[in-house]
Amino acid sequence: MRQRITLLMGALVLGAGVTGPLWAAEVKQDMPGQAIAFDNKKGNCLACHAMPGTKGEMAGSIAPPLIAMKLRFPDRAKLRAQVWDATVANPKTSMPPMGKHKILSEEEIDQVVDFIYTL
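Throughout, our numbering is defined as the position within the sequence shown, counted from one, plus 138.
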């Protein structure tokens with residue numbers, strides 16, 4: 139467990155210094171989940187999260203950056219559960235429960251999770 143935390147912290151520290159153009163080169167542009175995540179009428183992930191493929195002025199800074207997601211969520215089902223209703227893991231979160239409140243459909247949640255899991 140300690141090794142996993144050390145790896146996670148290293149990834150977050152390294153990711154903090156990555157610039158927008160470098161991030162943009164890493165993003166898979168053809169994923170439907172990206173369009174949903176970037177759409178301010180759907181996922182609107184950029185309102186709170188920084189992630190690869192965004193320009194610094196577009197990315198939010200009030201939530202953790204969406205980087206090293208496979209390391210942070212080795213179990214994809216836990217990442218999906220977090221997107222579906224983050225209040226289960228953290229009742230004080232400001233992240234809207236995308237599935238519970240039907241902000242996104244089940245299919246859209248799967249597409250967003252598929253996209254985020256590549257980051």
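A virtual CB, placed ideally from N, CA and C, is assigned to each residue, including glycine.
Would you kindly work out how many angstroms separate the C-alpha atoms of residue i and residue j, rounded to a whole number?
i	j	result
A206	S232	21 Å
M236	D168	22 Å
D189	K238	The sequence given here has Met at residue 189, not Asp. Approximately 24 Å, taken between the alpha carbons.
N182	P202	14 Å
T225	Q172	23 Å
K216	L204	15 Å
K230	D223	12 Å
V251	N228	19 Å
I247	N178	15 Å
F176	F211	21 Å
Y255	I174	14 Å
K240	Q220	14 Å
G198	L184	5 Å
F253	K180	14 Å
L242	P170	13 Å
G158	P234	Note that G158 has pLDDT 41, beneath the 50 cutoff, so the model's placement of it is unreliable and no number is given.
Out of the options, which one is the CA nearest neighbour of residue i?
i	options	result
R218	P203, P229, E244, N228	E244
Q249	S199, G198, R214	R214
C186	K179, N178, I200	I200
L257	L242, L209, P234	L209
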